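Written out below as structure tokens is the structure these notes cover.
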Amino acid sequence: MYTLIQITACSIPYPTASIPRGTSQKFLSSNFGAENRLGNHLFEVFSIFSIAQKLQRTPIFFIKDGYHEKMLKDVISIVPNLMEQFLVVNGSVPDFIQNTTFHTKCCKFENPNVLENINDEYLYLTGTHYQSWKYFPDRRDEFLGYLKPLRKRLYTLPQSNNFTYVKCVHIRRGDFPAFKIPVADRIFILNALKFIESKEKVSRQMTATVFFGDDFEFMHGLRADVPYSFVSQNEPVDDIFYAKNNCDLVLITAPRSTFGWWLGYFSKGNKTYHMDILYTDDYGIRTGHTTPSDYFLPHWTPLKYAGVDNFTVVESIKSDFY
């Protein structure tokens, strides 16, 4: 909902797909936000896959244009076995398939049960993003199995073991400030790490901190105040694999970052802290497009400043929104 879509060659529709009609099967697809990035893609394919299973339908991925072609390539690079569960079709959605309105807000769960009585052979949903864990509850272990094995050993980053505890911090800046999407500042990040250190009381001999993100100058600047810290220079796919095998704990500093969300979801320790979106001037909260309890997992810990003029970071008391 925050993406600025440009008219490029990638957005030119491909010819209409040729698909059979009158089969004994039922299918499900959706209006994927293919121009977005990997974190958004993972929400969409895991959600549609799960909804399709619930409705006993086969999920379809239409390669509608160049954006969808790239999206498919990106998703296959990380969860190839998941995409094997989809029927992948070259071409745009045929006109005889009617749209079904569903999931109209990016980050608010809508119960798929409302779709159960629709008997159309092809069900095409108008929603995008599907940013809610409630579409795939209690499936983390299964989804971990879909992740492609690590392509290479990342020798430049610390390894989690009996000796070393690894804290992973995701930084997302880029275009977020321009679109007024909340991001944590330097003070919040450093004080959040202090809070986490006091709360976790790690017993291992060594603690390492790894920064992931898109602002290398900012991340390298943080290293001066964080002992034994590193900055990942790897591709996003490799960062996910690294998190699965090494991140004992994840701190998400931009609560809107879907990639940060997946780092936390797939992390080795399955323990995640995040900036509390309720204490930011977030568009989705103001307009009702986001319900935090639909987006953030129940066992994740929200953090906020202690007060307007108190920059100590503390754990938020979860409200009804959580």
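Going by the working numbering, the sequence shown opens with residue 629, and the numbers climb by one from there. Glycine included, each C-beta is placed from N, C-alpha and C at the ideal position. Just so we're clear, the structure is a prediction, and the values are computed from it rather than from any experiment.
Reduced DSSP category for P930 - H, G, I as helix; E, B as strand; rest coil: Indexing the sequence shown from 1 puts residue 930 at position 302. Strand.
Based on the DSSP output, what are the partners of G841 in its beta bridges? As a position in the sequence shown, residue 841 is number 213, starting the count at 1. Per DSSP, I799.
Tell me I691's beta-bridge partners as DSSP assigns them. In the sequence shown, residue 691 corresponds to position 63, counting from 1. According to DSSP, I691 bridges with N718.
Beta bridge counterpart(s) of L877 as assigned by DSSP: Looking up residue 877 in the sequence shown gives position 249. Within the DSSP secondary-structure output, L877 pairs in a beta bridge with K795.
Our contact map puts F839 next to V811 with C-beta atoms below 8 Å; I'd like the distance itself, whole angstroms only. Here residue 839 refers to the residue found at position 211 of the sequence shown. Here residue 811 refers to the residue found at position 183 of the sequence shown. Wrong, their Cβ atoms sit about 14 Å apart, outside the cutoff.
Round the Cβ separation of P926 and H902 to the nearest angstrom and send it over; I've been treating them as touching at under 8 Å. Reading the sequence shown from its first residue, position 298 is the one you call residue 926. Reading the sequence shown from its first residue, position 274 is the one you call residue 902. Incorrect: roughly 13 Å between the Cβ atoms, too far for contact.
Of all the options G912, E943, G802, which has the alpha carbon lying nearest to the alpha carbon of T900? Counting from one through the sequence shown, the residue named residue 900 turns up at place 272. For T900, the nearest C-alpha among the options comes from E943.
Can you tell me whether Y763 is helix, strand or coil according to DSSP? Within the sequence shown, numbered from 1, the residue matching residue 763 stands at position 135. Helix.
When DSSP builds the beta bridges, which residues end up paired with S826? Position 198 of the sequence shown, counted from the start, is the residue given in the question as residue 826. Answer is none; S826 lacks a bridge partner.
How many Å lie between Q713 and V742 at the Cα? Looking up residue 713 in the sequence shown gives position 85. Looking up residue 742 in the sequence shown gives position 114. So the alpha carbons of these two residues sit roughly 23 Å apart.
Between the beta-carbon of A645 and the beta-carbon of G719, is there less than 7 Å? Translated into the one-based positions of the sequence shown, residue 645 becomes position 17. Translated into the one-based positions of the sequence shown, residue 719 becomes position 91. Yes, Cβ-Cβ distance for A645 and G719 is below 7 Å.
Pairwise C-alpha distance: S857 and K733: For this step, residue 733 is matched to residue 105 along the sequence shown. For this step, residue 857 is matched to residue 229 along the sequence shown. Distance between the alpha carbons of K733 and S857: 38 Å.
Which class does H902 belong to by DSSP, given the choice of helix, strand or coil? The residue you call residue 902 lines up with position 274 of the sequence shown. The answer is strand: DSSP assigns H902 an E or B state.
Count the CB pairs spanning the segment 879–898 and the segment 792–807 that are closer than 8 Å, and state whether there are at least three. A contact is defined here as three or more CB-CB pairs under 8 Å, and the segment 879–898 meets this definition with respect to the segment 792–807.
Tell me the rounded alpha-carbon separation between I905 and P930. The sequence position of residue 905 within the sequence shown is 277, counting from 1. The sequence position of residue 930 within the sequence shown is 302, counting from 1. Going by the C-alpha atoms only, they are around 8 Å apart.
Host alpha helix (DSSP H) of E863 (start-end): Within the sequence shown, residue 863 is the residue found at index 235, counting from 1. Premise fails: E863 is in no alpha helix (DSSP H) and is neither H nor E.
Is the segment 675–691 close to the segment 699–714, with three or more CB pairs under 8 Å? yes
For N709, which residues in the same chain have their Cβ closer than 7 Å to its Cβ, ignoring the five residues on either side in sequence? The sequence position of residue 709 within the sequence shown is 81, counting from 1. Here the set comprises Y774.
Taking the straight line between their C-alpha atoms, what separation do you get for N898 and F887? For the purposes of this step, residue 898 is identified with residue 270 of the sequence shown, where counting begins at 1. For the purposes of this step, residue 887 is identified with residue 259 of the sequence shown, where counting begins at 1. Approximately 15 Å, taken between the alpha carbons.
Residues sharing a beta bridge with Y893, DSSP: Here residue 893 corresponds to residue number 265 of the sequence shown, with the count starting at 1. Y893 is not bridged to any residue.
Tell me whether V703 sits in a helix, a strand or coil according to DSSP, three-state version. Numbered from its first residue, the sequence shown carries residue 703 at position 75. In the structure shown, V703 sits in a helix (DSSP, three-state: H, G or I).
Just how far apart, CA to CA, sit Y793 and Q726? Position 165 of the sequence shown, counting from 1, holds the residue named residue 793. Position 98 of the sequence shown, counting from 1, holds the residue named residue 726. The straight-line gap from Cα to Cα measures roughly 52 Å.
Please go through the same chain and pick out, in chain order, the residues whose beta-carbon is closer than 6 Å to the beta-carbon of G667, but skip the five residues on each side of it. Taking the sequence shown and counting its residues from 1, one reaches residue 667 at position 39. Same-chain partners within the cutoff: T886, F887, W890.
Which of helix, strand or coil DSSP assigns to G667: In the sequence shown, residue 667 corresponds to position 39, counting from 1. In the structure shown, G667 sits in a helix (DSSP, three-state: H, G or I).
Going by other Cβ atoms of all chains shown within 10 Å of its Cβ, with 16 needed for buried, is I824 buried or exposed? For this step, residue 824 is matched to residue 196 along the sequence shown. I824 should be labelled buried.
Between the CA atoms of R914 and I815 - distance to the nearest angstrom: Your numbering for residue 815 matches position 187 in the sequence shown. Your numbering for residue 914 matches position 286 in the sequence shown. Spanning the two alpha carbons is a distance of roughly 25 Å.
Distance between F690 and F660 (C-alpha atoms, nearest Å): Along the sequence shown, read from residue 1 onward, the residue named residue 660 stands at position 32. Along the sequence shown, read from residue 1 onward, the residue named residue 690 stands at position 62. Cα to Cα, F660 sits roughly 9 Å from F690.
In chain order, what residues of the same chain have a beta carbon less than 6 Å from the beta carbon of N789, not counting five sequence neighbours either side? As a working note, residue 789 is residue 161 in the sequence shown. Same-chain partners within the cutoff: there are none.
Alpha carbon to alpha carbon, what distance is there between K827 and Y933? The count along the sequence shown starts at 1 and reaches residue 933 at position 305. The count along the sequence shown starts at 1 and reaches residue 827 at position 199. One C-alpha to the other measures close to 16 Å.
Rounded separation between G841 and M847 - CA only: Position 213 of the sequence shown, counted from the first residue, corresponds to residue 841. Position 219 of the sequence shown, counted from the first residue, corresponds to residue 847. Those two C-alpha atoms are separated by around 8 Å.
Quick check on K808: buried or exposed, where buried means 16 or more other Cβ atoms within 10 Å of its Cβ? By one-based count along the sequence shown, residue 808 stands at place 180. Burial state of K808 is exposed, judged by a 10 Å Cβ sphere holding fewer than 16 other Cβ atoms.
Since I915 is in the alpha helix (DSSP H), which residue starts that stretch and which ends it? Residue mapping note: residue 915 aligns to position 287 of the sequence shown, counting from 1. The question names Ile, yet the displayed sequence has Thr at residue 915. From DSSP, the alpha helix (DSSP H) with T915 extends over 911–915.
Between L656 and L683, which are expected to be in contact by the criterion C-beta below 8 Å, what is the C-beta distance as a whole number of angstroms? If you number the sequence shown from 1, residue 656 lands on position 28. If you number the sequence shown from 1, residue 683 lands on position 55. Sure, about 6 Å apart at Cβ, within 8 Å.
Which residues mark the beginning and the end of the alpha helix (DSSP H) in which F771 is found? Reading the sequence shown from its first residue, position 143 is the one you call residue 771. Per DSSP, F771 is one residue of the alpha helix (DSSP H) stretching across 768–774.
Would you mind stating whether V958 and V721 have Cβ atoms separated by less than 7 Å? Because the chain spans 629 through 950 in this model, residue 958 falls outside it and cannot be assessed.
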